[in-house]
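J.:
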Amino acid sequence: MVDATGERTADVRIEDGVVTAVGPSLHADRTLDADGCVVAPGLVDLHTHLREPGNEEAETIETGARAAALGGFTAVVAMPNTDPPLDDPAVVAAVLAAGAKSLCDVHAAGCLTKGRAGVELAPMGELHALGVRLFTDDGACVESARMMRRALEYARSLPGAVVAQHAEDPSLCAGGHIHEGEWSSRLGIAGRPAVAEASIVARDCLLVALTGTPLHVLHVSTAAAIDLVRDAKGRGLPVTAEVAPHHFTLTDAACAGFDPAFKVHPPLRSADDVAAVQRGLADGTVDAIATDHAPHAVETKERSFEEAPAGMLGLETALALTLTELVAPGVLGLADALALLSWRPAALAGLTDHGGPVAPGRPAHLVVLDPDATWTVDPTRLASRARNTPYAGRTLTGRVRHTLRAGEAVVVDGEPQR
Ligand SMILES: [Zn+2]
């Protein structure tokens, strides 16, 4: 067992959804085999696009939550760029109600501005009253410094609220599809420069210094932005950051075949950026690994690279990519990796039921993972309704054996139970 309190070998007894005992040789009516496995607090994803309401052919709350459970997640934060967007308490309430019936806990991020248009603040207070803690226009960057300042000032009055930014300056990215650099030149595809991310992160850190409100930088992808976050933390500012698995496992060279599966915003970056993201994970600059799970209907991802929508699936591969690409080569220890996937994001989003510790009295949100099992990513076998994974055919090490949500075994031996 691995949690924030350390590593130990033990059985875990669960009754009525709660851990009631942790120790050697416990007995129970029903047992789940965890031989050779690691038991850990369930994973928590700060950045999941569930596409419902409005784009149910790409994903629904039910299918996205099933993909999450298979990936070892017991809680996800659903991003608000749905149609209609999550800027309306009634829409948020409907998402939460549907999530309550699914295979993992579904929390909602609320819009920062109405319609994510960047013009007028969303009713953040009303959304906060429904339990919303993360506010973001994700998918769109809050371009106006004045609007970002107002959002940070307003959020300061809401306990636990965090303003999250998709940091890509639209004026620098307009018309761009991949990282601006060697590959954008070679392929003749317009680029999205690294400075578009760093300039927004720098500006927003200054606004945090002005307002004191916590800022979370979504899917950091560049060396420059990692340096800015490290610097802000060093100055004691309440700035946190997440990175997505594709930004520590893939470079822009993957776009050479014009396969839209590799199109994502912010884009896949240079090898130097990937190395910097990995250093940021190793030295604690990065607070969370978040999937940015972004399902798209099959037809839309079959368009040309320029016309296809940006985004990749992530829920079912995030853990295995972390184990394969970070833990196996020694970039991170197992406990540090699980911290980034579970207890640190849980704390950031205020999800006190999640993230452990695995101890008597705690809700039994758990993942049982086999760190040595190997498997090959087959897009046709994913639980997600979409197929747009950039890892098709890749063999990964580390697999979820069981997932328990409040004591219910929602995944057993790698199979969803409903
Ligand atoms: Zn985003």
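Residue -16 is where the sequence shown starts when you use this note's numbering, and the numbers rise one by one after that.
Think of the CB as a built atom: it goes at the ideal place given N, C-alpha and C, for glycine as much as any other residue.
How would you call A332, buried or exposed, if buried means at least 16 neighbouring beta carbons within 10 angstroms?
T.: Position 349 of the sequence shown, counted from the first residue, corresponds to residue 332. Buried, by the Cβ-count rule.
J.: Span of the beta strand (DSSP E) holding Q148?
T.: Looking up residue 148 in the sequence shown gives position 165. It spans 145 to 148 - the beta strand (DSSP E) in which Q148 sits, taken as one unbroken run.
J.: Which of the three DSSP states, helix, strand or coil, is assigned to P176?
T.: Taking the first residue of the sequence shown as position 1, residue 176 is located at position 193. Coil.
J.: I need the boundaries of the alpha helix (DSSP H) containing A138, first residue and last residue.
T.: Counting from one through the sequence shown, the residue named residue 138 turns up at place 155. In this chain, the alpha helix (DSSP H) harbouring A138 covers 128 to 138.
J.: Label A254 either buried or exposed according to how many other C-beta atoms from any shown protein chain fall within 10 Å of its C-beta, with 16 as the threshold for buried.
T.: What you label residue 254 is simply residue 271 of the sequence shown in a count that begins at 1. A254 comes out exposed.
J.: Contact defined as beta carbons within less than 8 Å: I believe V184 pairs with P221. What is the distance between those atoms, to the nearest angstrom?
T.: Reading the sequence shown from its first residue, position 201 is the one you call residue 184. Reading the sequence shown from its first residue, position 238 is the one you call residue 221. With 8 Å as the limit, V184 and P221 do not qualify as a contact, their Cβ atoms being about 14 Å apart.
J.: Assuming T232 is part of the alpha helix (DSSP H), what are its boundary residues?
T.: Within the sequence shown, the letter at position 249 stands for residue 232. Note, T232: alpha helix (DSSP H), 228 to 232.
J.: Tell me which same chain residues have a C-beta within less than 6 Å of the C-beta of S182, skipping the five on either side of it?
T.: Here residue 182 refers to the residue found at position 199 when the sequence shown is read from its first residue. Closer than 6 Å at Cβ, skipping near neighbours: D152.
J.: Any heavy atom of ligand 1 closer than 6 Å to the CB of H149?
T.: Reading the sequence shown from its first residue, position 166 is the one you call residue 149. True, at least one ligand heavy atom lies under 6 Å from that Cβ.
J.: Ignoring anything shorter than 3 residues or poking outside the segment 275 to 307, list the beta strand (DSSP E) runs there in chain order.
T.: none
J.: Could you pull out every residue in the same chain whose Cβ sits closer than 6 Å to the Cβ of R(-9), ignoring the five residues on either side in sequence?
T.: As a working mapping, residue -9 is identified with position 8 in the sequence shown. Contacts found: M(-16).
J.: Going by the CB atoms, is the gap between A303 and L53 shorter than 7 Å?
T.: Indexing the sequence shown from 1 puts residue 53 at position 70. Indexing the sequence shown from 1 puts residue 303 at position 320. Not in contact: L53 and A303 (Cβ atoms no closer than 7 Å).
J.: Taking Cβ to Cβ, would you say H229 is nearer than 7 Å to N371?
T.: As a working mapping, residue 229 is identified with position 246 in the sequence shown. As a working mapping, residue 371 is identified with position 388 in the sequence shown. No, they are not a contact pair.
J.: Could you tell me which of E391, L201, V145, A58 sits nearest to W326, measuring between CA atoms?
T.: Along the sequence shown, one-based indexing puts residue 326 at 343. Measuring from the Cα of W326, the nearest candidate turns out to be A58.
J.: Go through its chain and collect everything with a Cβ distance to A318's Cβ below 6 Å, but skip five positions before and after it.
T.: Residue mapping note: residue 318 aligns to position 335 of the sequence shown, counting from 1. Around A318: V(-15).
J.: Please list, in chain order, all residues of the same chain as E299 whose beta carbon is under 6 Å from its beta carbon, the five residues on each side excluded.
T.: Taking the sequence shown and counting its residues from 1, one reaches residue 299 at position 316. Result list for E299: A50, L53, G54, L365, in chain order.
J.: Between the C-alpha atoms of D235 and M130, what's the straight-line distance to the nearest angstrom?
T.: Position 252 of the sequence shown holds residue 235. Position 147 of the sequence shown holds residue 130. Going from the Cα of D235 to the Cα of M130 covers about 32 Å.
J.: Quick one: measure Cβ to Cβ for A61 and T96, integer angstroms, because I've assumed they're closer than 8 Å.
T.: Looking up residue 61 in the sequence shown gives position 78. Looking up residue 96 in the sequence shown gives position 113. Wrong, their Cβ atoms sit about 18 Å apart, outside the cutoff.
J.: At a cut-off of 6 Å, would you count L117 as near ligand 1, judging by its Cβ distance to the nearest heavy atom?
T.: Within the sequence shown, numbered from 1, the residue matching residue 117 stands at position 134. Incorrect: L117 has no Cβ contact closer than 6 Å to ligand 1.
J.: Roughly how many angstroms separate the alpha carbons of E322 and E391, rounded to a whole number?
T.: On the sequence shown, residue 322 is found 339 positions in, with the first residue counted as 1. On the sequence shown, residue 391 is found 408 positions in, with the first residue counted as 1. Looking at the sequence itself, residue 322 is Ala, so the reference to Glu does not match. Each residue's alpha carbon lies about 23 Å from the other.
J.: What's the gap between the Cα of V314 and the Cα of V383?
T.: Reading the sequence shown from its first residue, position 331 is the one you call residue 314. Reading the sequence shown from its first residue, position 400 is the one you call residue 383. Rounded to whole angstroms, V314 to V383 spans 21 Å at the Cα level.
J.: For my contact list, I44 and V75 are in at a C-beta cut-off of 8 Å; report their separation, rounded to the angstrom.
T.: What you label residue 44 is simply residue 61 of the sequence shown in a count that begins at 1. What you label residue 75 is simply residue 92 of the sequence shown in a count that begins at 1. Not confirmed; about 12 Å, so no contact.
J.: Does the Cβ of L193 have 16 or more other Cβ atoms within 10 Å, making it buried, or fewer, making it exposed?
T.: The residue given as residue 193 occupies position 210 in the sequence shown. Result: exposed.
J.: Would you tell me roughly how many angstroms separate the C-alpha atoms of A402 and S127, rounded to the nearest one?
T.: Outside the displayed range of the chain (-16 to 401) lies residue 402, so it cannot be described from this structure.
J.: Is it true that the segment 341 to 351 meets the segment 269 to 288, where meeting means three or more beta-carbon pairs spaced less than 8 Å apart?
T.: no
J.: Assess, as a yes-or-no matter, whether the segment 198 to 213 is touched by the segment 254 to 263 under the definition of 3 or more beta carbon pairs within less than 8 Å.
T.: In the pairwise beta carbon analysis, the segment 254 to 263 is classified as touching the segment 198 to 213: at least three pairs are separated by under 8 Å.
J.: Near L79, what residues of its chain come up, given a Cβ to Cβ distance below 8 Å and the 5 sequence neighbours on each side ignored?
T.: As a working note, residue 79 is residue 96 in the sequence shown. Result list for L79: V89, H90, A91, L113, G114, in chain order.
J.: Tell me V222's beta-bridge partners as DSSP assigns them.
T.: Translated into the one-based positions of the sequence shown, residue 222 becomes position 239. L198.
J.: Is A259 helix, strand or coil by DSSP?
T.: On the sequence shown, residue 259 is found 276 positions in, with the first residue counted as 1. DSSP, read as helix, strand or coil, puts A259 in helix.
J.: Measure how close the beta-carbons of H149 and C124 come, nearest whole angstrom, since I'm counting them as under 8 Å.
T.: Taking the sequence shown and counting its residues from 1, one reaches residue 149 at position 166. Taking the sequence shown and counting its residues from 1, one reaches residue 124 at position 141. Contact holds; Cβ gap of about 5 Å.
J.: Between D121 and ligand 1, is the CB less than 6 Å from at least one heavy atom?
T.: To locate residue 121, count along the sequence shown from 1; it is residue 138. Yes, ligand 1 has a heavy atom inside 6 Å of this Cβ.
J.: Please state whether the Cβ-Cβ distance between E136 and A369 is less than 7 Å.
T.: Position 153 of the sequence shown, counting from 1, holds the residue named residue 136. Position 386 of the sequence shown, counting from 1, holds the residue named residue 369. No, they are not a contact pair.
J.: State the Cα-Cα distance for the pair P249 and A144, rounded to the nearest angstrom.
T.: Walking along the sequence shown from the start, residue 249 turns up at place 266. Walking along the sequence shown from the start, residue 144 turns up at place 161. Rounded to the nearest angstrom, the two C-alpha atoms are 24 Å apart.
J.: Using 6 Å as the cut-off, classify the Cβ of L201 as near or not near the heavy atoms of ligand 2, replying yes or no.
T.: Questions concerning ligand 2 fall outside what the structure shown contains, since the ligands it does hold are ligand 1.
J.: Please classify V393 as buried or exposed, where buried requires at least 16 other C-beta atoms within 10 Å of its C-beta.
T.: Start at 1 with the first residue of the sequence shown, and residue 393 comes out as number 410. Classification of V393: buried, given that the 10 Å Cβ count is 16 or more.
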